[in-house]
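First to last, the sequence lines map onto chains H and P. Residue 114 in this note's numbering sits at position 104 of the first sequence, with consecutive numbering throughout. Residue 513 in this note's numbering sits at position 418 of the second sequence, with consecutive numbering throughout.
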Amino acid sequence: MDAAKSELLQGTLDLLILKVVAMGPIHGYAISKRIQQISKDVLRVQQGSLYPALHRLEGRKLLQAEWKDADSGREAKFYSLTAAGRKQLGAEESDWERISEAIGLVLRSCQL
Amino acid sequence: MGWFRALFHRRDRERHLDSELRFHLDLQVEEKISAGMAPEQARREAAIEFGGMELIKEECRDERASVWFEQLAKDFLVSLRSLRRSPVFSATVIVTLAVCLGANISIFSVLYGLILKPLPFHGSDRLVEAYNSQDRWGFTKLPVSYLQYLDFKENADDFEGFAFWKPWTFTIGEDSVPTRGAGASITSDFFPLLDVQPLMGRFFTAENSMPGKDHVVVLTRSFWETYYGSDPAIIGKIVRISGEPFTIIGVAPAEIEAIRADAAILRPFVWAPNKARPPDRWSLTNAGILYGQLKGGVSLSKGEIQLMTLEQRFYEHVDPEIRYHVKESGWRTRIGAVRDQQTGSLKTSLSLLQAGVLFVLLLGCVNVANLMLARAFSRRPELAVRQALGASRWVLARQILVESMLLASAGVALGLALAWTSLRVMNTYITRIVPSVQEISLNGPIVILCTVSSLVVALLIGLLPIMWIWRANLQGAIHLRSRQSSAGRGVRAARSLLVTAQVAIALVLLVGAGLLIESFARVLAVNPGFNAREILHVRVAMPQTYLGTSKVGSTENQILAKMAEIPGVESISLSSNIPVNGYAKTYSTDSSTQFTLNSYPRRESPAGKPDELLNAFDLGISPEFFDTMGIRLIEGRKFTASDDARSPKVFIVDRAFAEKYFPGRSAVGQGFGRGGKNDHVIVGVAETAALNGLEARGGMPFVYRPLSQGGNWHTDISVELRTTRDTTDILPLVRDKLREIDGTLPMYSVGTLQSKIDTLLSSRRGVMLLLGTYSLIALLLSAIGIYGMLAYDVALRTHEIGVRGAIGASRRQIMALILREGIWRTLNGLLIGLAGAFLLTRFMTSLLFEVRPADPMAYLAVSILLLLVATIAGYLPARRAANVDPAVALRAE
């Protein structure tokens, strides 16, 4: 599954980030760990994709950032969803479900 | 002003980005260490895993920037849509900006092109023009004789060098279509003085100034292009100019046309050393323009003093009588920067116009700012809703800014188009007023300067509503639509102040324009003393070969006889100069058309004193002149055919001359020159005629002499035809007759004398029309300002007006209430404006004609006009207030 590790579609990565951030304020390192954990090590997000994506989402006002103390005692940049981000997440989630269901349907019907 | 600070957050953002990524890297290192890796190795592996830190940073920045661009594009579209929804607002703002900017760009281009732009020569700031003056006789600018040139060139060591330029008129193309053109005879040091190289061929050398080697010419670039179609093989060709063969040896570069744009052909100035006579220096025989270049570090006044010292040295050794006249006349030799000499006379007019358009721009900006404020205020509900939906103040501010930049860009673009068009119109005026300057064009740096500064202005105007939005409590707006909020009151106070200022500025401009219009009316009311409308003038040049022979006289007689046959010509006469000519107080060096000044020695000077010189313009005329022109003879007789070369010399003087030099007695029978001979007698006195323009009242008087007594040396002759027929009808007939007499005679300077009078007035007319236009624009802008303020007031006070209506105020009372507001502001503005006009109009004294800068009529008329316009502007909102239905207004809350 090496290919899946590096080749996440851009929209998919945004969706994953939004979903993870929706669980509460979180910094970049923890986001990549969380995605890796939840996907049982299937999805690994490289820093080179993660940070540009975070900045893009922040620029679009889907995420907002705040500097506060992390567990380690150091200051870290914590991301959280904005109202617009929450709306976007809802929309993207339902889009994703609709599309993956549709793809599943196609795949299943072809197996027959 | 938090949004303002955000612009400077770049450094912070960089620091944050760095620590964010570093934090991640550190945690990775820690993870590896806690998994049992040695610290060194952990750090290295983490770094490899992490990848290029700078690359990631770069990508983060790119993401931000692209987001920014996306948003800008979105703002742009939203703004465009919102502006299209309010076309009246957008059009008003764009047109206001375009008119104000267009006027500014065009006037500034002219000011730059004529006054500020340096001449395109090396060391052009040290390039000077020398001239003589006789201040006590009223001549501020006389030409320089070539003897002065020789003396200065030899002895004035404060100068790098001198060059002499003598205007020359020529006829070219005699075998096909004879054309009259202007050129110059110049000394060979002219080209090195300006440090220019020939475009083609070569320039003259000193050798070409010797008789016999002088039949060579250099063409100016424009003439080469227009007349010879840029013929590349022109060098070496021989052309006939004024009947003589000349070899074309070179084409001059375009720069030299910056000195005098009307010159077409340059030929060497010829002088023979053995023919130089000292009196030529005093009598200004063979005189022209003298150009010189000061040495570096030499001031104008130091150079002038040196030339004056040389003059004094010369006059120490001349006849005491001449010395006496030199002293009497206040003779001086002066120098001035070439630029100033060319266009200095326009400086006052142009500065006035520039000040005028700057005022208009100020007014326009006030109006646009007002409109923007009003629009922002009326959009409160919309903005409030958008804010409630999550748009930050920053987003709203940015969008308003994009809107004002859009409006400004459209205004600038339209303004440039307007400026381009108006420059084309102005060029025709300018070349008529100052023929020696090149056309004005829109100049790159100026366009950039104006565009940038107008965008800055737009930015500032855009900031006004943004500042207001920033402070205003928009949330309140949703609930309290019509209630006056605190921000509204601030806006209202600001607007009423702006309106007062507008009225004041408009008044100043109107007073200025009013004074010019009054002056113009007074100039037009001057009776020229002759029948200008019915007289067609044509000027005919005599072939060079006729000069000094009887052919000149016989050709003149033929013209008189043949042209009298043209049907519709009631009367015909000849004169030595164009009978209507500009003079002002400077002496033009183009002596073939301009009047020449003569000094006639008084016959009866007291014994022992030098002759008193009676100064007047000299005009040679044929006997029919006064009848044709319609100039009345007051005393004595007219010239007759028997006043010819063999009979005693006779003169007719005008009334101004008689009254000035022979006060209280008859001038008839008096004469000129010593000895009491019965020669040089004044035989008549004619009514004063405004031959040198309507404005030249009280200028030099005229002395007429018979053309037939002037010898056969007329290079050109003017023909006056009195007719009621149309110029276009009769001109072909005149041309045919001339061809019958002699096919080689060129005809030029065609037009009625009225058109010549008009040409002399074109500078005055141009300035008046432009300032008049600007003040009308200013009036319109302030009317819009007053209207806007009152309309806004009425909207704000609907509730109050409703209450007034409900408790019994009549329509009249409510209208008066609103009108009073407008008139009160107008009166305030009027008072300030009157004071300002009183202070500022004194700077335009030189542009006025028989009108004082503090002329009460102009002030009164303009104040009434402004009050009237203010009342009309206030009427519409007042009527709207009167129509407010109390029931509706009270429920509106």
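All C-beta atoms, glycine included, are put in the ideal place defined by N, C-alpha and C. All values reported here derive from a predicted model rather than from experimental measurement.
### Query
Could you give the C-beta distance for A347/P and V313/P, rounded to a whole number, given that I count them as a contact under 8 Å?
5 Å
### Task
Could you check if H420/P is buried or exposed, using at least 16 other CB atoms within 10 Å of its CB as the buried criterion?
buried
### Task
Could you tell me which of R727/P, L828/P and G900/P sits nearest to P662/P, measuring between CA atoms?
Comparing alpha-carbon positions, the option among R727/P, L828/P and G900/P lying closest to P662/P turns out to be L828/P.
#### Entry: CB contact flag (S549/P, A503/P, <9 Å)
yes
### Query
G100/H CB to nearest chain P CB: under 9 Å?
no
### Task
Give the interface partners of V480/P over in chain H, defined as CB-CB distance under 9 Å, in chain order.
Correct list: empty, because the minimum Cβ distance to chain H is about 15 Å.
### Message
Using a 10 Å radius around the Cβ and a threshold of 16 neighbouring Cβ atoms, would you call S499/P buried or exposed?
### Response
buried
### Query
Nearest CA to the CA of N710/P: which residue from A753/P, T839/P, S161/P and L447/P?
A753/P
#### Entry: Beta carbon proximity, V124/P to chain B, threshold 9 Å
Absent from the structure: chain B. Protein chains present are H and P.
### Query
Just reading off the beta strand (DSSP E) that N227/P is part of, what are its end residues?
For N227/P, the uninterrupted beta strand (DSSP E) run begins and ends at L222 to Q229, by DSSP.
#### Entry: Closest by C-alpha distance to V979/P, when choosing among R907/P, P796/P and R474/P
R907/P
#### Entry: Nearest candidate by alpha-carbon position, reference G256/P, set S283/P, W232/P and A277/P
Comparing Cα-Cα distances from G256/P to each of S283/P, W232/P and A277/P, the minimum goes to S283/P.
#### Entry: Contact list for P62/H against chain P, beta-carbon separation under 8 Å
I151, E154, C155, D157 and E158
### Alpha-carbon to alpha-carbon, N626/P and S304/P
46 Å
### Message
In whole angstroms, give me the CA-to-CA distance for F938/P and W319/P.
### Response
44 Å
### Query
Considering V188/P, what are the terminal residues of the alpha helix (DSSP H) in which it resides?
P182 to L206
### Message
Quick check on S577/P: buried or exposed, where buried means 16 or more other Cβ atoms within 10 Å of its Cβ?
### Response
The pLDDT assigned to S577/P is 44, lower than 50, so where the model puts this residue is not dependable; a value taken from the coordinates is nonetheless given after this. By the neighbour-count definition (other C-beta atoms within 10 Å, threshold 16), S577/P is an exposed residue.
### Query
Which bits of chain P does Q74/H rub up against, with CB to CB less than 9 Å?
The contacting residues do not exist; Q74/H stays about 11 Å from chain P at best.
#### Entry: 9 Å Cβ cutoff, S82/H in contact with chain P
yes
### Query
Along chain H, in chain order, which residues have C-beta atoms closer than 8 Å to that of E477/P?
Within chain H, no residue comes near E477/P; the closest Cβ sits about 19 Å away, beyond 8 Å.
### Task
Determine the burial state of W919/P: buried for a count of at least 16 other Cβ atoms within 10 Å of its Cβ, exposed for fewer.
exposed
### Query
Within the chosen definition, does the stretch 844-855 of chain P reach the stretch 428-435 of chain P through at least 3 CB pairs nearer than 8 Å?
no
### Task
Step through the CB atoms of chain P and report whether any lies within less than 9 Å of the CB of K78/H.
So no, K78/H is outside the interface.
### Task
Identify whether E109/P lies in helix, strand or coil by the three-state DSSP scheme.
helix
### Task
Taking only the alpha-carbon atoms, compute the straight-line gap between S958/P and L925/P and give it to the nearest angstrom.
Cα to Cα, the separation comes out at about 7 Å.
### Local conformation of F118/P per DSSP, three classes
helix
### Query
Any chance the stretch 456-470 of chain P sits against the stretch 194-207 of chain P, with 3 or more Cβ pairs inside 8 Å?
yes
### Query
Interface residues of chain P around Q56/H at Cβ under 8 Å?
G146
### Task
Give the interface partners of E115/P over in chain H, defined as CB-CB distance under 7 Å, in chain order.
G38 and K87
### Query
Which word fits V173/P, buried or exposed, when buried means at least 16 other C-beta atoms lie within 10 angstroms of its C-beta?
Using a 10 angstroms sphere on the CB of V173/P, the tally of other CB atoms stays under 16, which defines it as exposed.
### Query
Between D685/P and the rest of its own chain, which residues show a CB-CB distance below 8 Å, the 5 nearest in sequence each way excluded?
In this prediction, D685/P scores a pLDDT of 47, lower than 50, which makes its location untrustworthy; the coordinate-derived value is nonetheless stated afterwards. P262, T264 and A277, listed in sequence order.
### Message
Between the alpha carbons of I812/P and G539/P, how many angstroms are there, rounded?
### Response
Rounded to whole angstroms, the gap between the alpha carbons of I812/P and G539/P is 45 Å.
### Task
At 7 Å on the CB atoms, spell out the chain H contacts of V162/P, in chain order.
For V162/P, the C-beta contacts it makes with chain H under 7 Å involve R66, G69 and R70, in order along the chain.
#### Entry: A217/P, buried or exposed, once every other Cβ within 10 Å from all chains shown has been counted against 16
The sequence shown places His at residue 217/P, rather than the Ala named in the question. H217/P should be labelled exposed.
### Message
Three Cβ pairs or more, each shorter than 8 Å: is that satisfied between the stretch 481-497 of chain P and the stretch 507-520 of chain P?
### Response
With fewer than three CB-CB distances shorter than 8 Å, the stretch 481-497 of chain P does not count as touching the stretch 507-520 of chain P.
### Message
Between the alpha carbons of E815/P and N676/P, how many angstroms are there, rounded?
### Response
14 Å
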